[in-house]
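Heads up: the structure comes next, in structure tokens.
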Amino acid sequence: MTPVYLDYQATTPLAPEAFEAMVPLLRDHYGNPHSAHRVGRQAAAVVEVARDDVSAALGVAGGRLVFTSGATEALNIAIIGAARRAETGRRKIVTVSTEHAAVRDTVEALTSQEFEAVFLPVGPDGLADPGLAAEAIDERTALVAVMLVNNEIGVIQPVDMLAGLAHAAGALFLCDAVQGFGRAPLTASADMIAISAHKVHGPKGIGGLWIRDGLDLPPLIHGGGQEGGLRSGTLSPALCAGFGAAARLLDTHMKDDATHVETLWNAALTLFPDWTVNGSLTQRYHGNLNIRRAGLDGARLLSECRTVSFSLGSACASGSGRPSHVLQALGLSQKEAGGSVRIGFGRYTTLEELERAGKAINEAAGRQDLPPQEAL
Ligand SMILES: Cc1ncc(COP(=O)(O)O)c(C=O)c1O
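Per our numbering, residue 496 is the first one in the sequence shown, and the count goes up by one each step.
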């Protein structure tokens with residue numbers, strides 16, 4: 496039997512509509528969208544339709560969407576670009592301690608180029624503190640980079656407030672909307688927004704950086720000058736079309752998806768009564784349930800519970816053996832962090848699957864409470 500897939504933050508199943516949109520481009524329409532002839536122009540038209548569809552789903556006015564290989568690249572272009580264009584007096588980058596490695600490590604790397612990195616702490620609910628943010632963001636700040644929805648615990652950061660502080664100080668605001676795209680309203684006036692197709696039922700290998708009008712960034716990747724010179728390299732029309740189709744579905748499914756994950760969330764809370772939810776119960780996306788249980792060895796649970804595909808936290812950090820930086824930032828002990836697991840569900844998860852997974856996870860966790868011989 497195929498395991499129940501409950502790792503929607505790591506990646507989401509490809510929507511059939513996105514698959515169908517890609518097939519003709521992979522099979523028949525092989526043109527290079529940057530070629531001037533007819534075959535190339537047809538491919539370019541596909542790319543531009545996809546760009547419009549993704550921009551429309553993002554729901555931001557104006558600006559331009561630059562296709563990238565994924566959100567990691569988009570975030571690198573945004574952070575390094577913002578640092579390179581910053582005035583000499585602005586040498587500080589403010590972010591939050593619970594950001595994804597694509598942000599944290601990029602900001603950290605800039606400290607070797609005389610930038611100061613400030614990682615704002617979060618409270619036990621996982622949310623950045625407005626007072627501390629206001630103290631940290633000042634006229635020496637070049638960039639404030641904060642995610643909309645946290646990938647490990649699902650909490651929604653107060654990005655409106657943080658964007659306001661950034662702009663009041665004359666700094667740029669970057670939003671990592673990878674987990675929030677199509678799931679949590681993005682009302683903040685961001686200067687840059689990073690997104691990724693494979694988190695919204697699109698294909699892997701494509702993402703985007705939306706950049707507001709009037710903001711010029713220096714390129715990170717040099718070459719043929721594609722994507723307005725910001726991101727050279729031949730685009731894949733098939734991946735663009737798949738992303739576009741997935742984005743169109745976000746537009747039409749957003750309400751239904753939200754209702755569905757809320758129903759699953761409420762069911763999940765009843766399935767795991769003696770577990771504790773990590774992170775805010777109110778400021779959150781409901782498709783991410785990160786829970787802990789006293790005395791649990793989360794890594795052992797994962798390896799023993801083979802009928803469910805779930806995780807300890809970030810897919811990038813899993814296997815590192817290190818306790819989650821996010822859970823530690825909430826103030827959890829190493830034991831509590833190690834006794835936590837992330838259960839991520841979404842559009843294609845059924846209630847029956849969730850119930851089956853809940854039973855299997857609880858049974859496997861219960862075996863850890865028994866003395867060694869009885870557990871066998
Ligand atoms: C919040 C967040 N930011 C950035 C990324 C990186 O995205 P990609 O896989 O498209 O490089 C991820 C992926 O896990 C993520 O969850």
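The beta carbon of each residue, even a glycine, is placed where N, CA and C say it ideally should be.
For this session: Report all residues from its chain with a CB closer than 6 Å to the CB of R678; omit the five preceding and five following residues, and keep chain order.
Result: Within the sequence shown, residue 678 is the residue found at index 183, counting from 1. Excluding positions up to five away in sequence, the list reads Y780.
Problem set entry | Host beta strand (DSSP E) of A664 (start-end) | Counting from one through the sequence shown, the residue named residue 664 turns up at place 169. Looking at the DSSP string, A664 is not in any beta strand (DSSP E), and its letter there is neither H nor E.
For this session: Leaving out five residues on either side along the sequence, give the residues of the same chain with a beta carbon under 7 Å from the beta carbon of F614.
Result: Your numbering for residue 614 matches position 119 in the sequence shown. Counting only Cβ-Cβ distances below 7 Å, and skipping sequence neighbours, we find T590, V591 and S592.
For this session: Buried or exposed for S819, please, with buried defined as at least 16 other CB atoms from any protein chain shown within 10 angstroms of its CB.
Result: The sequence position of residue 819 within the sequence shown is 324, counting from 1. Taking all protein chains in view, the Cβ of S819 is crowded by 16 or more other Cβ atoms within 10 Å, so the residue is classified as buried.
Exercise. Excluding sequence positions up to five away, which residues of its chain have a Cβ less than 6 Å from the Cβ of A736?
Worked result: Numbered from its first residue, the sequence shown carries residue 736 at position 241. So the list reads A516, M517, L520, V541 and A545, once near-sequence residues are dropped.
Exercise. Between which two residues does the beta strand (DSSP E) containing G703 stretch?
Worked result: On the sequence shown, residue 703 is found 208 positions in, with the first residue counted as 1. Under the DSSP assignment, G703 falls in the beta strand (DSSP E) whose first and last residues are G702 to I706.
Exercise. With distances taken between CB atoms, is the gap from T506 to G841 smaller than 8 Å?
Worked result: By 1-based counting over the sequence shown, the position of residue 506 is 11. By 1-based counting over the sequence shown, the position of residue 841 is 346. Not in contact: T506 and G841 (Cβ atoms no closer than 8 Å).
Exercise. What whole-angstrom Cβ distance do H696 and L744 have, given they're in contact under 8 Å?
Worked result: Translated into positions along the sequence shown, residue 696 becomes position 201. Translated into positions along the sequence shown, residue 744 becomes position 249. So it is a contact: roughly 7 Å between Cβ atoms.
Exercise. Among the residues of its own chain, which have a CB less than 8 Å from the CB of S813, if the five just before and after it don't count?
Worked result: For the purposes of this step, residue 813 is taken as residue 318 along the sequence shown, with counting starting at 1. Because S813 sits at a pLDDT of 49, beneath the cut-off of 50, its placement in the model cannot be relied upon, and the point is left open.
Exercise. Measuring from the CB of N646, is there a heavy atom of ligand 1 at a distance below 7 Å?
Worked result: By 1-based counting over the sequence shown, the position of residue 646 is 151. For N646, the shortest separation between its Cβ and any heavy atom of ligand 1 lies below 7 Å.
Exercise. Can R726 and I572 be called in contact, C-beta distance under 8 Å?
Worked result: Start at 1 with the first residue of the sequence shown, and residue 726 comes out as number 231. Start at 1 with the first residue of the sequence shown, and residue 572 comes out as number 77. A distance below 8 Å separates the beta carbons of R726 and I572.
For this session: Measure the Cβ-Cβ separation of Q674 and L643 and say whether it is below 8 Å.
Result: Here the question's residue 674 lines up with position 179 in the sequence shown. Here the question's residue 643 lines up with position 148 in the sequence shown. In this structure, L643 lies closer than 8 Å to Q674 by Cβ.
Exercise. Which same chain residues, not among the five before or five after L825, have their C-beta less than 6 Å away from its C-beta?
Worked result: What you label residue 825 is simply residue 330 of the sequence shown in a count that begins at 1. Within the same chain, L825 has close Cβ partners P619 and G621.
For this session: Please determine, among L730, F767, P732 and G782, the residue with the shortest C-alpha to C-alpha distance to H755.
Result: Along the sequence shown, one-based indexing puts residue 755 at 260. When only C-alpha atoms are compared, the closest one is G782.
For this session: Could you work out which residue in A672, C670, G649 and S684 is closest to A663 when comparing CA atoms only?
Result: Mapped onto the sequence shown, residue 663 falls at position 168. Just measuring C-alpha positions, the residue of A672, C670, G649 and S684 sitting nearest A663 is S684.
For this session: With a cut-off of 8 Å on the beta carbons, I'd call G703 and D548 a contact; round off their distance for me.
Result: As a working note, residue 703 is residue 208 in the sequence shown. As a working note, residue 548 is residue 53 in the sequence shown. Wrong, their Cβ atoms sit about 11 Å apart, outside the cutoff.
For this session: Output the distance between the C-alpha atoms of C811 and R599, rounded to the nearest integer angstrom.
Result: Here residue 811 is taken as the residue at index 316 of the sequence shown, counted from 1. Here residue 599 is taken as the residue at index 104 of the sequence shown, counted from 1. Interpretation of C811 is limited by its pLDDT of 49, a score under 50 that renders its predicted location unreliable; no figure is taken from the coordinates.
Exercise. So, using beta-carbon positions, are E647 and R837 closer together than 8 Å?
Worked result: For the purposes of this step, residue 647 is identified with residue 152 of the sequence shown, where counting begins at 1. For the purposes of this step, residue 837 is identified with residue 342 of the sequence shown, where counting begins at 1. Contact check for E647 against R837 passes: the beta carbons are separated by less than 8 Å.
Exercise. Is the distance from the Cβ of G834 to the Cβ of L501 below 8 Å?
Worked result: For the purposes of this step, residue 834 is identified with residue 339 of the sequence shown, where counting begins at 1. For the purposes of this step, residue 501 is identified with residue 6 of the sequence shown, where counting begins at 1. Between G834 and L501, the C-beta gap is not smaller than 8 Å, which leaves the two residues out of contact.
Exercise. Given A859, which residues of its chain have a CB within under 8 Å of its CB, disregarding the five upstream and five downstream residues?
Worked result: One-based indexing of the sequence shown puts residue 859 at position 364. Cβ within range, chain order: L796, E799 and C800.
Exercise. Secondary structure at K587, three-state DSSP: helix, strand or coil?
Worked result: Start at 1 with the first residue of the sequence shown, and residue 587 comes out as number 92. Correct three-state label for K587: strand.
For this session: Give the C-beta separation of I690 and A566 to the nearest angstrom, bearing in mind that I take them to be a contact with Cβ-Cβ under 8 Å.
Result: Within the sequence shown, numbered from 1, the residue matching residue 690 stands at position 195. Within the sequence shown, numbered from 1, the residue matching residue 566 stands at position 71. 6 Å between Cβ atoms; contact.
For this session: Confirm the yes/no value for this check: CB of M642, any heavy atom of ligand 1, distance under 7 Å.
Result: Here residue 642 is taken as the residue at index 147 of the sequence shown, counted from 1. Yes - ligand 1 has a heavy atom lying nearer than 7 Å to the Cβ of M642.
Problem set entry | Three-state secondary structure (DSSP) of N646 | On the sequence shown, residue 646 is found 151 positions in, with the first residue counted as 1. For N646, the secondary structure class from DSSP, reduced to helix, strand or coil, is coil.
Exercise. Going by the CB atoms, is the gap between E850 and R787 shorter than 8 Å?
Worked result: For the purposes of this step, residue 787 is taken as residue 292 along the sequence shown, with counting starting at 1. For the purposes of this step, residue 850 is taken as residue 355 along the sequence shown, with counting starting at 1. Not closer than 8 Å, so no.
For this session: Give the range of the alpha helix (DSSP H) segment to which R559 is assigned.
Result: Stepping through the sequence shown from its first residue, residue 559 is reached at position 64. Segment R559 to T563 is the beta strand (DSSP E) holding R559; no alpha helix (DSSP H) there.
Exercise. Would you say P511 and P732 are within 8 Å of each other, going by their C-beta atoms?
Worked result: If you number the sequence shown from 1, residue 511 lands on position 16. If you number the sequence shown from 1, residue 732 lands on position 237. No. Outside cutoff.
Problem set entry | Near ligand 1: T765 beta-carbon under 7 Å from a heavy atom | As a working mapping, residue 765 is identified with position 270 in the sequence shown. Incorrect: T765 has no Cβ contact closer than 7 Å to ligand 1.
Problem set entry | S804 Cβ short of 7 Å to ligand 1 heavy atom set | On the sequence shown, residue 804 is found 309 positions in, with the first residue counted as 1. No, since every heavy atom of ligand 1 falls outside the 7 Å radius drawn around the Cβ of S804.
Problem set entry | 6 Å CB neighbourhood of E848 in its chain, flanking five on each side removed | As a position in the sequence shown, residue 848 is number 353, starting the count at 1. Around E848, the same chain offers V499 as residues with beta carbons nearer than 6 Å, after the five sequence neighbours per side are excluded.
Exercise. What's the gap between the Cα of L669 and the Cα of E582?
Worked result: Within the sequence shown, numbered from 1, the residue matching residue 669 stands at position 174. Within the sequence shown, numbered from 1, the residue matching residue 582 stands at position 87. Cα to Cα, L669 sits roughly 17 Å from E582.
For this session: Using three-state DSSP, classify G861 as helix, strand or coil.
Result: On the sequence shown, position 366 is the one that residue 861 refers to. Note: G861 maps to helix in three-state DSSP.
Problem set entry | First and last residue of the uninterrupted alpha helix (DSSP H) at A612 | In the sequence shown, counting from the first residue as 1, residue 612 sits at position 117. Premise fails: A612 lies in the beta strand (DSSP E), E611 to L615, not in any alpha helix (DSSP H).
For this session: Starting from S607, follow its DSSP beta bridges and name the residues at the other end.
Result: Here residue 607 refers to the residue found at position 112 of the sequence shown. Per DSSP, none; premise fails for S607.
Exercise. Are E603 and R586 touching if we call contact CB-CB under 8 Å?
Worked result: To locate residue 603, count along the sequence shown from 1; it is residue 108. To locate residue 586, count along the sequence shown from 1; it is residue 91. No.
Exercise. Buried or exposed: K694, going by 16 or more other Cβ atoms within 10 Å of its Cβ?
Worked result: Residue 694 sits at position 199 when you count from the first residue of the sequence shown. By the 10 Å Cβ count, K694 comes out buried.
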